[in-house]
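First the structure, in the form of structure tokens, and then the observations on it.
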Amino acid sequence: MGKAKNLPAALAEVTQFSHTSRDIGGITWWQESEGRWVSWIGGSTLRAMRFKDSSDSPEYWNFEISGHAPSFEEAALLATLRN
């Protein structure tokens, strides 16, 4: 449940809410939180997450592609995509 006291207050909160987004390579990415981005292509979900293992290690970005396919062959082909 939300924390607004009434409907007008809830509507005011919702209309002020905005997401940060970036267009990269013709795909819109939405910021979920600091260092976490998500996008969708059809039935596939794309995620990019920034990691840093320790204070002296360089940061890196992990990426994931997940979704559903109607056959093993299509799932196997989609799983091989990196770019």
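First residue of the sequence shown? That's 346 in the numbering used here, and the numbers climb one at a time after it.
By construction, the Cβ of each residue, glycine as well, lies at the ideal position given by its N, Cα and C atoms.
The structure presented is a predicted model; accordingly, all values stated were derived computationally and were not measured.
N-terminal and C-terminal residue of the beta strand (DSSP E) that residue i is part of
{"i": "T373", "result": "372 to 378"}
{"i": "L391", "result": "389 to 396"}
{"i": "E404", "result": "Taken as a continuous stretch (DSSP letters only), E404 belongs to no beta strand (DSSP E), as it is neither H nor E."}
{"i": "S366", "result": "366 to 369"}
{"i": "S384", "result": "381 to 386"}
Cross-strand partners of residue i (DSSP beta bridge)
{"i": "F417", "result": "Bridge partners of F417: none, in fact."}
{"i": "S411", "result": "T390"}
Range covered by the alpha helix (DSSP H) that runs through residue i
{"i": "T425", "result": "First-last for T425: undefined, no H or E at that position."}
{"i": "A357", "result": "352 to 361"}
Same chain only: Cβ atoms within 6 Å of residue i, ignoring 5 sequence neighbours per side
{"i": "W374", "result": "R367, W382, S384"}
{"i": "A393", "result": "W382, W406, F408"}
Residues near residue i in its chain [Cβ-Cβ closer than 8 Å; skip 5 each side]
{"i": "N428", "result": "Unreliable placement is indicated for N428, whose pLDDT of 49 sits below 50; the coordinate value is still reported in the next sentence. Nothing meets the Cβ criterion."}
{"i": "L426", "result": "I410"}
{"i": "G412", "result": "G387, G388, S389, T390, L423"}
Neighbourhood of residue i by C-beta, 7 Å cutoff - its chain only, sequence neighbours within 5 removed
{"i": "F396", "result": "E404, Y405, N407"}
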